[in-house]
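Residue numbers (the working numbering): 45 to 187. Backbone N, C-alpha and C define an ideal beta-carbon position, used for all residues, glycine too.
Spelled out as structure tokens, the structure:
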């Protein structure tokens, strides 16, 4: 609500896009180049190569968005730092949800979205990343 009220719908879309691009970039780079496991006991499919690929994809996205749109209300460095922090924390959210599933002894967090691991698997990164993104935009707007 804060983001929409202060910055408009573009910031909400930017938040969602950061989380989604981190996930998509990690998936494709992990599938193509993944060799070294990121956290094998927690999420055996995640690799360091996927993690780095997601981060690189996001950096390219963040830089592109900044230069090809206007009116963000804060500088380039602040914009990049908010995006990178959001991207990094989205991975933490995904891993945390994997820990919860392992502790509960389940593979998927629900059956509402077959093949996607459940609703929680679709929003785990967003739940973790949102407070970081909002705090970053709040701090950047007040600097």
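Item: Could you round the C-beta distance between residue 91 and residue 74 to whole angstroms and report it? I think they count as a contact, below 8 Å.; Value: 5 Å
Item: In this structure, does DSSP put residue 185 in helix, strand or coil?; Value: helix
Item: Can you tell me whether DSSP reads residue 78 as helix, strand or coil?; Value: coil
Item: Measuring alpha carbon to alpha carbon, tell me which residue in 174, 181, 167 and 106 is nearest residue 142.; Value: 167
Item: Given a threshold of 16 other Cβ atoms within 10 Å of its Cβ, counted over all protein chains shown, does residue 113 qualify as buried or as exposed?; Value: exposed
Item: In angstroms with no decimal places, state the Cα-to-Cα distance between residue 53 and residue 61.; Value: 12 Å
Item: Within a Cβ cutoff of 7 Å, which residues of the same chain sit near residue 139, ignoring the five residues on either side of it in sequence?; Value: 83, 86 and 87
Item: Have a look at residue 187 and residue 170 and give me their C-alpha separation to the nearest angstrom.; Value: Annotation note: pLDDT 47 at residue 187 (below 50); position unreliable, no value reported.
Item: 7 Å is my cut-off, CB to CB: does residue 83 come that close to chain E?; Value: Looking at the structure shown, chain E is missing, and only one protein chain is on hand.
Item: Which of the three DSSP states, helix, strand or coil, is assigned to residue 85?; Value: coil
Item: Does the stretch 170–179 come within contact of the stretch 98–118, defined as at least 3 CB pairs closer than 8 Å?; Value: no
Item: With DSSP as the reference, label residue 114 as helix, strand or coil.; Value: coil
Item: Grab the span of the alpha helix (DSSP H) containing residue 135 for me, first residue to last.; Value: 120–148
Item: Using the Cβ count rule (16 or more neighbours within 10 Å means buried), how would you classify residue 176?; Value: buried
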